[in-house]
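Undergrad:
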Amino acid sequence: MNSPIRIASRRAYFEALTEARREVHRSWTAEPKNPAWPFAARLLDTMADQTAHGREPTREERRAQKLGALVDRELEPAPTEEAAALNQLLKAVNLYFIVWPEDGVDPEEMPEDEFLARL
25 MNSPIRIASR RAYFEALTEA RREVHRSWTA EPKNPAWPFA ARLLDTMADQ
75 TAHGREPTRE ERRAQKLGAL VDRELEPAPT EEAAALNQLL KAVNLYFIVW
125 PEDGVDPEEM PEDEFLARL
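FYI, in my numbering the residues of the sequence shown are 25 to 143.
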């Protein structure tokens, strides 16, 4: 089993977002009839737009993001280790986006009250 993916900086977020977009498009090509892939691609594109050029997503934009729910509802359980790794990547990107902590802060290491206040 793959270890959980942790994103603890803007740079790591953008790298993970780029990888997630690439892997979702690859999966969409491999499974063109799976409706989860175009939806995931749109959600990732929205994240990219809302964080481009130093822009910070608004609380409303962060709350509207449903990538984690899509993974849980449509892509779990993962049929392969590769699919499980992609699901973990998507969940990590989603977590960082919805919390949008200060640069250099791992959302999973934030104090609970601070974490919840960002949601």
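Built from N, CA and C at the ideal position, the CB exists for glycine as well. Remember, predicted model here, so these are calculated numbers, not experimental data.
Can you give me the Cβ contacts of His49 inside the same chain, cut-off strictly under 7 Å, excluding the 5 residues immediately before and after it?
TA: Ala65
Undergrad: Quick check: the stretch 108-128 against the stretch 63-79, are at least 3 beta-carbon pairs closer than 8 Å?
TA: By the Cβ criterion, the stretch 63-79 is in contact with the stretch 108-128, since at least three pairs of Cβ atoms, one from each stretch, lie closer than 8 Å.
Undergrad: Using only the alpha-carbon positions, how far apart do Met134 and Arg30 sit?
TA: If I take the Cα positions, the gap works out to 13 Å.
Undergrad: Could you tell me which uninterrupted beta strand (DSSP E) segments, each at least 3 residues in length, are contained entirely in the stretch 29-106, listed from first to last along the chain?
TA: none
Undergrad: By the three-class DSSP mapping on this structure, what secondary structure does Val123 have?
TA: helix
Undergrad: Which residues bound the alpha helix (DSSP H) around Leu140?
TA: 136-142
Undergrad: Suppose the cutoff is 7 Å on Cβ atoms and the five residues either side in sequence are ignored; what does the same chain contact list for Arg86 look like?
TA: Phe121, Ile122, Trp124
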